[in-house]
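To start, the structure itself, in structure tokens.
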Amino acid sequence: MRVLLVEDEKALAETIRRGLTNEGFVVDVAHDGVTGQWMATENPYDVIVLDIMLPRRNGYEVLRNLRQLKVWAPAMMLTAKDGEYDQTDAFELGADDYLTKPFSFVVLVARLRALVRRGAPPRPVDLAVGGLKLDPNRRTVSRNGHPISLTAKEFSVLQFLMRHPEVVLSKAEILDNVWDQAFDGSENIVEVYVGYLRRKIDVAFGVTSLVTVRGMGYRLMAVDGGEPTQE
Ligand code: CA
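Each residue of the sequence shown is one higher than the last, beginning at 31 in this note's numbering.
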């Protein structure tokens, strides 16, 4: 099992490195975020132990960059109790597990083994409907290779439509799946966002893929091609 340990406190890093080596892990160590990120992209690791407060680039940025680069090795974040971040942040920002410093070495080993056993969790897959592509991890959208800039809500609506291509989806279905429970506005909000989307994914390319089915809802059709039209 190959572990990358990114920890700037050199004495602590050395203690962990020695301990993990004795437990049969192969351990590489980086002492700053930039080096850690580079090593994680250059080598296949079974698990990454990532301190948060690091010189040059903090652990969260490193993790976010790695996921964007499609490096999916499970990550164990090391958080400090009185630090700028807490464990809730660790999960929100994509860590697979966390330990609060100071931690027991036995616990670290047990949790690392559990993470390695579990392996990289399944990640959302890229979606494609005709020439329209959506990458849920990078949160990017393009048509025919041309990037499209969407707001967070437009992205969510499109993602839902792209999961059900060629199918008629009612406003109520879109509303239930994209807006949270607390939303008590009218279904017309869906119409508004479909309008925004249509301008960006269709009109801007001179194609028609997002079709209104009168009285029923919307259908996203697979349309190839499309070039950006002049405004
Ligand atoms: Ca640190």
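Cβ atoms here follow ideal geometry from the backbone N, Cα and C, with glycine treated the same way.
Residue i beta carbon near ligand 1 (any heavy atom closer than 7 Å)
i: Ile38; result: With the sequence shown as reference, residue 38 is identified as Asp, and Ile is not the correct amino acid for it. Under cutoff, so the answer is yes.
i: Met69; result: no
i: Leu84; result: yes
i: Asp156; result: no
i: Asp232; result: no
i: Asp62; result: no
i: Asp81; result: yes
Reduced DSSP secondary structure (H/G/I, E/B, other) of residue i
i: Tyr128; result: strand
i: Val159; result: strand
i: Tyr75; result: coil
i: Ala105; result: strand
i: Val222; result: helix
i: Leu80; result: strand
i: Gly247; result: strand
i: Ser186; result: helix
i: Leu191; result: helix
i: Thr45; result: helix
i: Arg229; result: helix
i: Asp294; result: The question about residue 294 has no answer here: the residues shown for the chain are numbered 31 through 261.
i: Leu199; result: strand
i: Thr242; result: strand
i: Ala70; result: helix
i: Val139; result: helix
i: Ala60; result: strand
i: Val146; result: helix
Nonlocal neighbours in the same chain, by C-beta distance under 6 Å from residue i, ignoring five residues either side
i: Gly66; result: Val36, Ala60 and Val92
i: Arg168; result: Gln98
i: Val171; result: Leu164, Ile178 and Leu180
Contact under 8 Å by Cβ, residue i with residue j
i: Val77; j: Leu142; result: yes
i: Glu217; j: Leu205; result: yes
i: Val146; j: Met69; result: no
i: Val243; j: Val198; result: yes
i: Gly160; j: Val253; result: yes
i: Met251; j: Ser200; result: no
i: Asp38; j: Asp58; result: no
i: Arg173; j: Ile219; result: no
i: Val237; j: Gly225; result: no
i: Leu157; j: Ser239; result: no
i: Val79; j: Leu42; result: no
Residues of its chain near residue i, where Cβ-Cβ distance is below 8 Å and the 5 sequence neighbours each way are ignored
i: Val155; result: Pro166
i: Val241; result: Tyr248, Arg249, Leu250 and Met251
i: Ala110; result: Ile82, Met83, Thr130 and Lys131
i: Asn73; result: Arg32, Leu34 and Asp58
i: Phe133; result: Leu108
Same chain, Cβ closer than 7 Å to residue i, neighbours up to 5 away in sequence not counted
i: Asp127; result: Met106, Arg141 and Leu145
i: Arg47; result: Leu35, Val57 and Val59
i: Phe190; result: Ile204, Asn207 and Val208
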